[in-house]
Amino acid sequence: IAPVRFDREKVFRVKPQDEKQANIIKDLAQTNQLDFWYPDATHHVTANMTIDFRVSEKESQSIQSALDQNNMHYEILIHDLQEEIEKQFDVKED
Amino acid sequence: IPGRHSYAKYNNWDKIVAWTEKMVHKHPDMVSRIKIGTTVEDNPLYVLKVGKGNEGKKAIFMDCGIHAREWISPAFCQWFVYQATKTYGKNKIMTKLLDRMNFYVLPVFNVDGYIWSWTQNRMWRKNRSKNQNSKCIGTDLNRNFNASWNSFQNTKNPCANIYRGPKPESEKETKAVTDFIRSHLKSIKAYITFHSYSQMLLFPYGYTSKLPSNHEDLDKVAKIGTDALATRYETRYIYGPIASTYYPTSGSSLDWAYNVGIKHTFAFELRDKGKYGFLLPESLIKSTCKETLLAVKFIAKYILKHTS
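As given, the protein sequences belong to chains A and B, one line each in that order.
Just so we're on the same page, the working numbering is the position in the first sequence counted from 1, plus 17.
Just so we're on the same page, the working numbering is the position in the second sequence counted from 1, plus 129.
Okay, here's the thing in structure tokens:
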């Protein structure tokens, strides 16, 4: 089986300012395939917490729109996950 | 024959197995390999016993690679064994530690998941066991321990990344580790597990905000351990009980080890803080391992001195 590729997948970092925004993240997790990097799962998401999650290229636009519409603080930690996966091997063989 | 193993690079499972054989061969008086069980896909679970002493001496159990995608974790366990054998007789502290205690090092806990993260899905976390009545694969081994195992509802979905398994210790990997620790309880005085990322040094409990009876002691050790770590490159770690410092988690190895009687248990969340996350570049492996070793040596020294 060919390995899974993560072309143009993104990792978002979001900081919900209050419970309302934390619930928006939880709702987005219901309707999108979010892979939580920190914390490990949706139910740990609370206000004033740093949240990192991975999302496919396709879903990332709608995620970004939802965050913008709700004036949420976020940054994109990784813009193309596949690129980072390949770049992690940055030490030549001895 | 697998390619060349390197402490500066991430090594796949074949290289790590070859490396364990090399370490035993090169240091027969200090390193022995114990097969503590097999995984769901019949891969061997190897623990390296590192130290000069006999089995009766005080010991510390260390495991790496419980979550497949956290590659810096197995890299640290390999580095630890390498530095222990390399600096014995040269570094005063390491020599004293290895003369008077043993380290049981499990370089990769979740072997099947680790292999899968190399060959199929770099983002994989769980093991690779099949789940009854579900198409979803895998159990989160760090939710599978018998420590308030079923206290969180959302760990019961087999498709979730934090699925706890059908029952405590349902997974062969978990059972192999708990059986080994239970059979060595007399000598094991500390348990340290390595994860990534977020740069934290954590101690029990995860399943409750209640503090363990010796939390001041654990807090002191964690503080000095993180201070020691920072002396190398000024990398800042935070420390504290899992539930309040990280977030509440059930069924963790740390809480189980504490409850089974090992009163000094710690979890490292290694570099970084999210810039690369699970994809820490190889060029940062050595510095991460060097600084972490300073903390581990301090903890070991403390255990040697303060446990009976």
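Virtual Cβ for every residue (Gly too), placed ideally from N, Cα, C.
From a predicted model like this one, the values you see are computed outputs, not experimental measurements.
Please state whether DSSP places residue i in a helix, a strand or coil.
i	result
glutamate 92 of chain A	strand
proline 203 of chain B	helix
valine 160 of chain B	strand
glycine 166 of chain B	strand
glycine 369 of chain B	strand
tryptophan 385 of chain B	helix
arginine 311 of chain B	helix
asparagine 271 of chain B	helix
glutamate 184 of chain B	coil
tryptophan 278 of chain B	coil
valine 146 of chain B	helix
aspartate 356 of chain B	helix
alanine 58 of chain A	coil
alanine 351 of chain B	helix
alanine 137 of chain B	coil
methionine 223 of chain B	helix
glutamate 110 of chain A	coil
proline 20 of chain A	coil
tryptophan 208 of chain B	helix
In terms of alpha-carbon separation, which member of the options lies closest to residue i?
i	options	result
isoleucine 18 of chain A	B:Gly294, B:Lys304, B:Ser412, B:Gln249	B:Gln249
lysine 318 of chain B	B:Tyr217, B:Lys430, B:Leu330	B:Lys430
serine 277 of chain B	B:Lys415, B:Pro410, B:Ser381, B:Ile432	B:Ser381
lysine 352 of chain B	B:Trp253, B:Lys404, B:Leu330	B:Leu330
serine 373 of chain B	B:Thr337, B:Asn140, B:Cys265	B:Thr337
glutamine 47 of chain A	B:Tyr376, B:Lys264, B:Asp348, B:Ala289	B:Ala289
threonine 168 of chain B	B:Ala213, B:Val237, B:Asp384	B:Val237
leucine 314 of chain B	B:Phe190, B:Thr149, B:Arg162	B:Phe190
lysine 187 of chain B	B:Glu302, B:Lys225, B:Asp241, B:Val306	B:Lys225
lysine 178 of chain B	B:Asp192, B:Glu170, B:Gly185, B:Ile163	B:Ile163
glutamine 261 of chain B	B:Lys339, B:Leu174, B:Pro287	B:Pro287
cysteine 265 of chain B	B:Phe427, B:Lys255, B:Ile201, B:Asn141	B:Lys255
tyrosine 326 of chain B	A:Asn49, A:Thr67, A:Asp35	A:Thr67
alanine 201 of chain B	B:Leu433, B:His134, B:Ile414, B:Phe427	According to the sequence displayed, residue 201 of chain B carries isoleucine and not alanine. Comparing Cα-Cα distances from isoleucine 201 of chain B to each of B:Leu433, B:His134, B:Ile414, B:Phe427, the minimum goes to B:Ile414.
phenylalanine 29 of chain A	A:Pro20, A:Asn40, A:Asp52	A:Asp52
tryptophan 247 of chain B	B:Lys296, B:Ile145, B:Arg361, B:Arg293	B:Ile145
glutamate 76 of chain A	A:Pro20, A:Glu26, A:Asp107	A:Glu26
valine 425 of chain B	B:Ala396, B:Gly403, B:Ser412	B:Ala396
glycine 354 of chain B	B:Trp142, B:Phe232, B:Leu422	B:Leu422
tyrosine 139 of chain B	B:Cys418, B:His435, B:Ile428, B:Phe427	B:Cys418
valine 31 of chain A	A:Thr59, A:Val21, A:Asp24, A:Arg22	A:Thr59
aspartate 158 of chain B	B:Ile165, B:Lys181, B:Lys151, B:Tyr334	B:Lys181
What first and last residue would you give for the beta strand (DSSP E) that runs through residue i?
i	result
leucine 45 of chain A	Run containing leucine 45 of chain A: none in the beta strand (DSSP E); it sits in the alpha helix (DSSP H), 36 to 48.
phenylalanine 427 of chain B	Here phenylalanine 427 of chain B belongs to no beta strand (DSSP E); instead the alpha helix (DSSP H) covers 414 to 435.
methionine 440 of chain B	The first residue shown for chain B is 130 and the last is 437, placing residue 440 of chain B beyond what the model contains.
arginine 30 of chain A	27 to 31
valine 72 of chain A	68 to 72
phenylalanine 53 of chain A	52 to 55
List the DSSP bridge partners of residue i.
i	result
proline 173 of chain B	B:Thr167
threonine 322 of chain B	B:Asp192, B:Ala396
tyrosine 233 of chain B	B:Lys178, B:Phe190
isoleucine 266 of chain B	B:Lys259
isoleucine 317 of chain B	B:Ala188
Looking at the secondary structure, which residues open and close the alpha helix (DSSP H) in which residue i lies?
i	result
threonine 364 of chain B	Run containing threonine 364 of chain B: none; DSSP gives neither H nor E here.
tyrosine 243 of chain B	240 to 248
alanine 102 of chain A	Note on identity: in this sequence residue 102 of chain A is isoleucine, with alanine being the wrong assignment. Run containing isoleucine 102 of chain A: 98 to 104, per the alpha helix (DSSP H) assignment.
Using a Cβ cut-off of 8 Å (strictly closer), state whether residue i contacts chain C.
i	result
aspartate 44 of chain A	The displayed structure is made up of protein chains A and B, and chain C is not among them.
Point to revise | Residues, ordered as in the chain, of the segment 401 to 427 of chain B that lie near chain A by beta-carbon distance below 8 Å | key: Gly403, Lys404, Tyr405, Gly406, Phe407, Leu408, Leu409, Pro410, Glu411, Ser412, Ile414
Tell me which residues of the segment 277 to 297 of chain B have at least one Cβ-Cβ distance to chain A shorter than 9 Å, keeping chain order.
Phe281, Gln282, Asn283, Thr284, Ala289, Asn290, Ile291
What residues in the segment 63 to 82 of chain A have a beta carbon less than 9 Å from any beta carbon of chain B? Flagged, chain order: Thr63, Met66, Thr67, Asp69, Arg71.
**Report entry** Contact list for the segment 85 to 96 of chain A against chain B, Cβ threshold 8 Å
**Finding:** Flagged, chain order: Leu94, Ile95.
At a CB distance below 7 Å, what residues from the segment 239 to 270 of chain B approach chain A? Give them in sequence order.
Thr248, Gln249, Asn250, Arg251, Met252
TODO: Could you list the residues in the segment 131 to 146 of chain B with a C-beta less than 8 Å from some C-beta on chain A, going in chain order?
DONE: Gly132, Arg133, Ser135, Ala137, Lys138, Tyr139
> For the segment 303 to 336 of chain B, which residues have a CB atom closer than 7 Å to at least one CB atom of chain A, in sequence order?
Replying inline: Ser327
Check distances from the C-beta atoms of the segment 376 to 397 of chain B to those of chain A and list, in chain order, the residues that come in under 9 Å.
Tyr376, Pro377, Thr378
Next on the checklist: Against chain B, which members of the segment 22 to 33 of chain A pass a CB distance test of less than 8 Å?
Outcome noted: Phe23, Val28, Arg30
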